[in-house]
Amino acid sequence: MNISAFFPAYNEEENIVPVVESAIKVLKEVADQYEIIVVDDGSRDKTHQVVEDLDRKYPEVKLITHEKNLGYGAALYTGFKNCRYEFIFFSDGDNQFDLEELKKLIPFIKKTDLVTGYRVQRHDSFWRKINARGWNTLVRLLLDIRVKDINCAFKLFKKETLERIDIEHLKSQGAMANTEILARLRKIDASIIEIPVNHYPRLYGRATGAKPRIILRAFKELIGLYRELK
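Residue numbering for the sequence shown follows numbering that gives the first Met the number 0, starting at 0 and increasing by one per position.
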């Protein structure tokens, strides 16, 4: 099988190297052909330079840069539209997952549209976990998405399935992106298999998803999506 893997990254200079090198190791074992894309979403640290070095070192690695920070959803869509192989995997550039666990997802992808991880023990701050629990509950109520961990950034798709929901032109540019993808997959009756994956503490840098302005933007986008799909 041929796999495109990509990683959105914002200020992940100390995390992105182990992420990419772990991905190379795993993909060499499981894929006939593969590529690795890092989407630098306007980082203000040395993420760009670090990934440029990886690009020069490994022919399978490609760097795509947003000149300014456009948001998590925008980084996802840039990644999706630049993937060329028939299976697409993405995870975050923060090194909080063990990419060896991609091997747990692969056996299921040929018989479903999406294989998504769910974090069995989430290693995030107390408030981040509270926000996530409230968000998951609200999304289930409004959009009837029956997935254990909506925002888990450990997903393996069939490219043809993403093309059916016109992945390049989705509307949510921020933290709501995973929710919109799942809502539109539900709309086309796509099949989803969930697999437990481990989650690890962030070693370097800071998570940005729980900032008030990001949460407010996500709520606005959620209400807009609900009105569109109801």
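Note that the Cβ used here is the ideal one computed from N, Cα and C, for glycine as well. Predicted model, so just to flag it, every value in this text is computed and none were measured.
- No Cβ-Cβ contact shorter than 9 angstroms links residue 35 with residue 113.
- Only buried fits residue 92, as 16 or more other CB atoms lie within 10 angstroms of its CB.
- Straight-line spacing of the CA atoms in residue 165 and residue 221 works out to 18 angstroms.
- The three-state secondary structure of residue 55, taken from DSSP, is helix.
- In this structure the stretch 61 to 79 touches the stretch 2 to 19; the number of beta carbon pairs closer than 8 angstroms is three or more.
- Assigned with DSSP and collapsed to three states, residue 138 falls in helix.
- For residue 143, the closest of 184, 20, 107 by C-alpha to C-alpha distance is 184.
- In this model, residue 110 and residue 65 are separated by some 35 angstroms (Cα to Cα).
- Residues 90, 96, 116, 196 of the same chain have their beta carbon placed closer than 6 angstroms to that of residue 153, with the five preceding and five following residues left out of the count.
- Runs of the beta strand (DSSP E) spanning 3 or more residues and lying entirely within the stretch 26 to 54 occur at 32 to 40, in chain order.
- In the structure shown, residue 179 falls within a helical segment according to DSSP collapsed to helix, strand and coil.
- Boundaries of the beta strand (DSSP E) harbouring residue 117: 113 to 118, taken from the DSSP string.
- Just measuring C-alpha positions, the residue of 108, 193, 187 sitting nearest residue 87 is 108.
- With 16 or more other Cβ atoms from the protein chains shown falling within 10 Å of its own Cβ, residue 7 counts as buried.
- Burial check for residue 156: the Cβ neighbour count within 10 Å reaches 16 or more, so the residue is buried.
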